[in-house]
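Trainee:
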């Protein structure tokens, strides 16, 4: 899974980040609907999915300057501040508290081993628990500088191996979405967005 890649070269590619955000947004919306959450919450999760990694913009110049070398432990700690940076950026723009808390805690693990606050279980806001699952899956099925994308089946299997990271109720709803009729459509839309973004940046 993604946490096993510590020390690899980290790059911020705007086109892939936009596509990743769209994928997380679509998945989070579908998972929230599958869980029977209120429509307003489902739509707020869609927004949170798009902007969940916006804090990376604050560290993008630094990342670009370090593309040729693996990151040190201290540098990785700095990269992990992107969730708190994202919270600060969106708080200044008066996003809802639900979106803010979802973004701040989207790297918390259900067993308490995540960051930034080492929250565990239902201490983690529900929106963040949903983003955690969707963010992980979207990352696994995407190409990275250090590996090729996993298939959907491989990604789900890897996530099951690390189920302690996730809220099981959220994960079961996510599985129903992944095995439902809309997942191929979501992935195809994301590919089209990536193609458009890459074309615009030429």
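In this note's numbering, the protein residues as written are 1 to 202. Just so you know, even glycine gets a beta-carbon here, dropped at the ideal spot from N, CA and C. Computed from a predicted model, the values in this text were never measured in an experiment.
So if DSSP puts residue 147 in a beta bridge, which residue, or which two residues, is it bridged to?
Mentor: Its beta-bridge partners are 144.
Trainee: How far does the alpha helix (DSSP H) with residue 97 in it reach, from first residue to last?
Mentor: Looking at the DSSP string, the run of the alpha helix (DSSP H) that includes residue 97 is 97-104.
Trainee: Take residue 206 as the anchor and find which of 102, 157, 60 and 174 has the nearest alpha-carbon.
Mentor: Look at the range of the chain in this structure, 1 to 202, and you will see that residue 206 is not part of it.
Trainee: Go ahead and pull the three-state DSSP assignment for residue 72.
Mentor: If DSSP states are grouped into helix, strand and coil, residue 72 belongs with coil.
Trainee: Please classify residue 82: does DSSP put it in a helix, a strand, or coil?
Mentor: In this structure, residue 82 counts as helix in the three-state DSSP scheme.
Trainee: Suppose contacts are defined by Cβ-Cβ distances below 9 Å. Is residue 118 in contact with residue 112 by that definition?
Mentor: Result yes, Cβ atoms of residue 118 and residue 112 sit closer than 9 Å.
Trainee: Taking DSSP as the reference, what is the three-state secondary structure of residue 135?
Mentor: In the structure shown, residue 135 sits in a helix (DSSP, three-state: H, G or I).
Trainee: Mind checking which residues open and close the alpha helix (DSSP H) that includes residue 171?
Mentor: 168-178 is the extent of the alpha helix (DSSP H) around residue 171.
Trainee: Is it the case that the Cβ atoms of residue 20 and residue 149 are separated by a distance below 9 Å?
Mentor: No, these two residues do not count as a Cβ contact at 9 Å.
Trainee: CA-CA distance, residue 165 and residue 93?
Mentor: Approximately 30 Å between the Cα atoms of the pair.
Trainee: Count the other CB atoms within 10 Å of the CB of residue 83; is the residue buried (16 or more) or exposed (fewer)?
Mentor: The residue is buried, with at least 16 neighbouring Cβ atoms inside 10 Å.
Trainee: Going by beta carbon distance, what residues of the same chain come within less than 6 Å of residue 107, once the five residues before and after it are set aside?
Mentor: Counting only Cβ-Cβ distances below 6 Å, and skipping sequence neighbours, we find 83, 114 and 115.
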